[in-house]
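What follows is a short report on a single structure.
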Amino acid sequence: MSQPSLPPHYQPSHQPPQPQGVRRAPSRGWRSKPALKLIAGGALAAVLVTGCGSGDDDDGKSGGSSSQGAQAKTLGKVAMPKVGKETNTMGTWVTDSAFVKGDVNKIVGYSLDGAKPTWRIPLGGQLCWASPHMTKDGLTAILFRDGAGEDALCTKVGLVDLKKGELVWQKEGADSEGNAGVRFDEVTIGGGTVAAAGTGGGGAWSLDGKPLWKPAYLADCDDNGYAGGDDKIVAIRGCDSEDSSTERLEVQTVDPRTRDVMSSYKLDEKVEYAHVISTAPLVVAVDTGDSDAGTGTTDLLTIDDSGKQGKLLSTIDVLAKGYQPNCPATSVEGCTEVALDKASSTLYLASEVDVDHGGPGDRITGLNLKTGKETGKTKMAENRSLLPIRTDDDGSLLAYLGSTYSEAGGVVRVDAKDFAMETLQTHPEDMKDAESGMDIYGDCTMIYTGKKLYIGDNKATRPTSGDGAGRPLAIVFGA
7 MSQPSLPPHY QPSHQPPQPQ GVRRAPSRGW RSKPALKLIA GGALAAVLVT GCGSGDDDDG
67 KSGGSSSQGA QAKTLGKVAM PKVGKETNTM GTWVTDSAFV KGDVNKIVGY SLDGAKPTWR
127 IPLGGQLCWA SPHMTKDGLT AILFRDGAGE DALCTKVGLV DLKKGELVWQ KEGADSEGNA
187 GVRFDEVTIG GGTVAAAGTG GGGAWSLDGK PLWKPAYLAD CDDNGYAGGD DKIVAIRGCD
247 SEDSSTERLE VQTVDPRTRD VMSSYKLDEK VEYAHVISTA PLVVAVDTGD SDAGTGTTDL
307 LTIDDSGKQG KLLSTIDVLA KGYQPNCPAT SVEGCTEVAL DKASSTLYLA SEVDVDHGGP
367 GDRITGLNLK TGKETGKTKM AENRSLLPIR TDDDGSLLAY LGSTYSEAGG VVRVDAKDFA
427 METLQTHPED MKDAESGMDI YGDCTMIYTG KKLYIGDNKA TRPTSGDGAG RPLAIVFGA
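When the letters of the sequence shown are read in order and numbered with the working numbering, they come out as residues 7 to 485.
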């Protein structure tokens with residue numbers, strides 16, 4: 007298939023990938039590179055998530071917020087576990103009856119205000135990955151280690167019922183020779199299928215635990231990973247190129263039950279990594295190797311996968327424009343610092359504004375995915391974070407406004423037409439240090455629903471002198 011013309015920075019590069027969450031030295035109350043999570047195309051489209059841990063120089067169309075909003079309270083806090091070294095606690099979900107948080111070797115359900123634990127699921131090993139997607143019945147997928155020891159591997163795939171607080175089943179994959187215990191890197195759920203993949207292989211199961219398929223074994227090709235949500239599974243398939251130094255990547259929309267390829271689009275041979283931001287519409291972040299530190303992205307591609315051969319609809323040059331999605335170096339899912347409004351095909355991205363243009367600070371820009379053109383931008387949030395969380399039913403954007411030395415953080419609404427900001431809630435003054443510590447030093451997921459902001463850290467870490475006194479693992483703000 008012929009390839010579209012690509013921006014000038016599509017040049018071969020052999021730079022090593024940047025790890026997720028790489029940040030420049032932060033200043034108090036504002037930091038580069040937040041790590042936000044987005045449920046891209048998930049069943050709960052109205053409750054998208056972003057995360058904490060994070061252009062051009064034109065002013066936006068509107069100034070700051072129009073009011074102080076409601077004064078929120080600290081409804082609940084989950085204490086940071088005592089660990090000797092960084093431990094994965096990925097997983098933050100909200101159902102109609104519970105706030106659920108991944109913890110050290112377990113998953114814990116809390117009351118909706120986060121104040122009282124109501125159930126826990128012991129895993130016997132550290133969480134390796136947790137899908138942000140959740141079915142209408144409250145089911146999600148996790149990946150965890152096969153033991154608590156240092157040599158334990160990420161082989162256990164589990165289906166979790168977040169409403170009942172149960173591990174419905176746990177499975178292990180088998181390699182091409184039938185040997186169990188395949189090591190996976192990530193897991194997703196979509197179209198009634200749980201799919202896991204990684205350097206050791208891939209596999210899929212139905213929601214009742216029956217094995218469905220494994221990717222066809224080819225000596226030079228592997229499924230790097232899968233993205234889920236709604237009724238779709240998208241695979242990133244990598245095949246060795248002729249010189250064997252790089253992979254030629256292909257984006258495949260597959261049948262969740264059989265893995266039959268419904269649509270395919272071959273990426274330019276200079277693309278080193280690909281991450282799926284959304285399955286519907288299909289939006290892929292690619293990295294040619296010269297991305298800014300921590301973003302993992304040089305371009306965003308919108309692909310029409312309605313036919314057997316996928317078609318490129320638009321390309322957004324992230325590197326040239328200074329937008330800063332935060333994509334994990336090698337994972338297919340997990341991109342952050344983005345929010346999507348499907349109805350208008352608008353993607354919202356955060357970017358930094360530097361001191362030469364009145365910064366430091368953040369602003370958010372809207373982009374039309376069909377044309378790649380900007381729809382508007384906010385003014386800069388001076389010396390503080392401004393991070394997309396999700397879009398509302400009316401198309402407006404909900405965003406997190408970080409704390410500063412003198413002001414607490416909060417949640418703002420951004421008008422989709424003029425990009426004016428209105429404050430919805432302001433957080434308690436006595437929590438601004440802890441809030442700032444999560445914002446600057448944490449690798450967090452944020453969910454705003456039911457007039458509550460849930461913030462959960464994806465890592466349990468030892469406390470440091472600068473991360474905010476008593477930085478929690480999770481916190482809930484609300485009226």
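Ideal Cβ placement from N, Cα and C applies to all residues, glycine included.
None of these values were measured; they are calculated from a predicted model.
So is residue i buried or exposed if we call it buried at 16+ other beta carbons inside 10 Å?
i: G313; result: exposed
i: K383; result: buried
i: P334; result: buried
i: Y411; result: exposed
i: Y223; result: exposed
i: S72; result: Any reading at S72 needs caution, since the residue's pLDDT is 47, under 50, leaving its predicted position unreliable; the model's value is listed next. Exposed, because fewer than 16 other Cβ atoms sit within 10 Å of the Cβ of S72.
i: T199; result: buried
i: G27; result: Residue confidence for G27 is low, a pLDDT of 34 falling below 50, so the modelled location carries little weight and cannot support an answer.
i: D266; result: exposed
i: A202; result: buried
i: A299; result: exposed
i: M330; result: For the record, residue 330 in the displayed sequence is Gln; it is not Met. Buried.
i: K465; result: buried
i: G90; result: exposed
i: K122; result: exposed
i: T455; result: buried
i: E92; result: exposed
i: G234; result: buried
i: P128; result: exposed
Near residue i, which residues of its chain fall below 6 angstroms by C-beta distance, leaving aside the five closest residues on each side in sequence?
i: K169; result: T101 and G144
i: E178; result: T161, A186 and G187
i: L346; result: S284 and L353
i: S531; result: Past the edges of the chain, shown from 7 to 485, lies residue 531, and the structure says nothing about it.
i: F190; result: L149, C160, A202 and G204
i: R126; result: K112 and V114
i: Q74; result: T429 and T432
i: G302; result: D293, C333 and A335
Would you check if the distance between the CB atom of residue i and the CB atom of residue j is smaller than 9 angstroms?
i: Q431; j: G484; result: yes
i: M86; j: T470; result: no
i: V387; j: G372; result: For the sequence presented, residue 387 should be read as Ala rather than Val. No, the pair does not count as a contact, with Cβ atoms beyond the cut-off.
i: V84; j: I453; result: no
i: L404; j: D368; result: no
i: A280; j: N230; result: yes
i: V417; j: L459; result: yes
i: P394; j: T80; result: no
i: A422; j: K348; result: no
i: D261; j: R243; result: no
i: D398; j: R419; result: yes
i: S297; j: K327; result: no
i: G340; j: E192; result: yes
Under 7 angstroms Cβ to Cβ from residue i, same chain only, skipping five residues before and after it: list those, please.
i: D64; result: Below a pLDDT of 50, predicted positions are generally treated as unreliable, and D64, at 40, falls in that range; no measurement from the model is reported.
i: N374; result: S351, T352 and T381
Which of the three DSSP states, helix, strand or coil, is assigned to residue i?
i: A78; result: coil
i: A485; result: coil
i: G108; result: strand
i: S409; result: coil
i: L523; result: Residue numbering for the chain in the displayed model covers 7 to 485; residue 523 lies beyond these limits and cannot be assessed.
i: L479; result: coil
i: G443; result: helix
i: A326; result: helix
i: M268; result: strand
i: M437; result: helix
i: A186; result: strand
i: Y232; result: strand
i: C227; result: strand
i: G333; result: Just to set this straight, residue 333 is Cys in the shown sequence, not Gly. Three-state DSSP puts C333 in coil, outside helix and strand.
i: F425; result: coil
i: T467; result: coil
Measure how close the beta-carbons of residue i and residue j come, nearest whole angstrom, since I'm counting them as under 8 angstroms.
i: K318; j: L307; result: This sequence places Leu at residue 318; Lys is not what is there. Yes, they are in contact, since the Cβ atoms of L318 and L307 sit about 6 angstroms apart, within 8 angstroms.
i: S218; j: L165; result: It is Leu, not Ser, that sits at residue 218 in the sequence shown. In fact, because the Cβ distance is near 13 angstroms, the residues do not count as touching under 8 angstroms.
i: S320; j: G378; result: 4 angstroms
i: V257; j: V290; result: 6 angstroms
i: G208; j: D237; result: At roughly 20 angstroms, the Cβ-Cβ gap does not stay under 8 angstroms, so G208 and D237 are not in contact.
i: K88; j: L479; result: Contact doesn't hold; Cβ gap of about 11 angstroms is too wide.
i: A147; j: I195; result: 4 angstroms
i: W175; j: M140; result: Rounded, the Cβ-Cβ distance is 17 angstroms, inconsistent with contact.
i: I309; j: L288; result: 5 angstroms
i: A440; j: R477; result: 5 angstroms
i: G415; j: K438; result: 7 angstroms
i: L133; j: G97; result: 6 angstroms
i: V2; j: T259; result: The requested residue 2 does not occur in the structure, where the chain is confined to residues 7 to 485.
Taking 8 angstroms as the limit between beta carbons, can you name the residues of its chain near residue i, skipping five residues before and five after?
i: G131; result: N111, F150, R151, D152, G153, A154, A158 and K162
i: D360; result: P366
i: Q315; result: M7, S269, S270 and Y271
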